[in-house]
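Trainee:
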Amino acid sequence: MDRMEKQGGNAAWIMKLNTPKHDDISDGLFCMDDNLPFDLSQDLIFPPELMVTLGPKMQVKGVHYPLIIHSGRILELQTPKWGNNGVTVGAACTLSTLKDEMERTVREMEAEKAKGYRALLQTLQCLAGKQIRNMATIGGNILSA
């Protein structure tokens, strides 16, 4: 009796599921071909007020903020800047942007000087998934901690 018979005829299916295939791995988050165009008559699943940390405080706790400033589009806060003493990272810099900058730095810098940046890169690679890193910012992580 072969393995297929022992498994009730499902061995081929089990083997298929357990065999790793890496030729279809994509760096993208999803295939855009599967999405329908946005229909303006439909409500958004995630309304903008729920996309910020303040949303739950305003709805559940009744906290009112007369003015909310969005600093995400200020270019100086989005990009890391290199100086004589190292790197300065703005509050609106995403974790993905910082990770990409650290990867470039570790490749180009001497091994001894890059130790601290390598440690930061290692932490960023373990922190959340790609989708979260693309949206999460340094300032947002500090404020929500």
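Residue numbers (the numbering used here): 253 to 397. For each residue, glycine too, the CB sits at the ideal point set by N, CA and C.
Taking the DSSP output, what are the residues bridged to V339?
Mentor: Against the sequence shown, residue 339 aligns to sequence position 87. Bridge partners of V339: W334.
Trainee: I think L347 touches L379, with their Cβ atoms under 8 Å apart; what is that distance to the nearest whole Å?
Mentor: The residue given as residue 347 occupies position 95 in the sequence shown. The residue given as residue 379 occupies position 127 in the sequence shown. Correct: roughly 6 Å between the Cβ atoms.
Trainee: Express the C-alpha separation of D295 and A363 in angstroms, rounding to a whole number.
Mentor: On the sequence shown, position 111 is the one that residue 363 refers to. On the sequence shown, position 43 is the one that residue 295 refers to. Cα to Cα, the separation comes out at about 52 Å.
Trainee: Count the other CB atoms, across all protein chains shown, that sit within 10 Å of the CB of G368; report buried if there are 16 or more and exposed otherwise.
Mentor: Position 116 of the sequence shown, counted from the first residue, corresponds to residue 368. Answer is exposed; the Cβ neighbour count stays below 16.
Trainee: Could you have a look at I394 and say whether DSSP puts it in helix, strand or coil?
Mentor: By one-based count along the sequence shown, residue 394 stands at place 142. Helix at I394.
Trainee: What residue range does the alpha helix (DSSP H) around I384 cover?
Mentor: Residue 384 sits at position 132 when you count from the first residue of the sequence shown. Looking at the DSSP string, the run of the alpha helix (DSSP H) that includes I384 is K382 to M387.
Trainee: Ends of the alpha helix (DSSP H) at E360?
Mentor: Numbered from 1 along the sequence shown, position 108 holds the residue referred to as residue 360. Counting along the chain, the alpha helix (DSSP H) containing E360 begins and ends at L347 to E360.
Trainee: Which value, in whole angstroms, describes the spacing of the CA atoms of S323 and L395?
Mentor: Locating residue 323 in the sequence shown gives position 71, where the first residue counts as 1. Locating residue 395 in the sequence shown gives position 143, where the first residue counts as 1. Between S323 and L395, the C-alpha separation is close to 13 Å.
Trainee: Rounded to whole angstroms, what's the CA-CA distance from V312 to R359? Just pull it up for me.
Mentor: To locate residue 312, count along the sequence shown from 1; it is residue 60. To locate residue 359, count along the sequence shown from 1; it is residue 107. The straight-line gap from Cα to Cα measures roughly 47 Å.
Trainee: Between G342 and the rest of its own chain, which residues show a CB-CB distance below 7 Å, the 5 nearest in sequence each way excluded?
Mentor: What you label residue 342 is simply residue 90 of the sequence shown in a count that begins at 1. Around G342: E328, L329, Q330 and T331.
Trainee: Please classify L292 as buried or exposed, where buried requires at least 16 neighbouring CB atoms within 10 angstroms.
Mentor: The residue given as residue 292 occupies position 40 in the sequence shown. So L292 counts as exposed.
Trainee: If I'm right that A216 touches T357 with Cβ under 8 Å, what's the distance once you round it to whole angstroms?
Mentor: The displayed coordinates of the chain run from 253 to 397. Any statement about residue 216 would go beyond what the structure contains.
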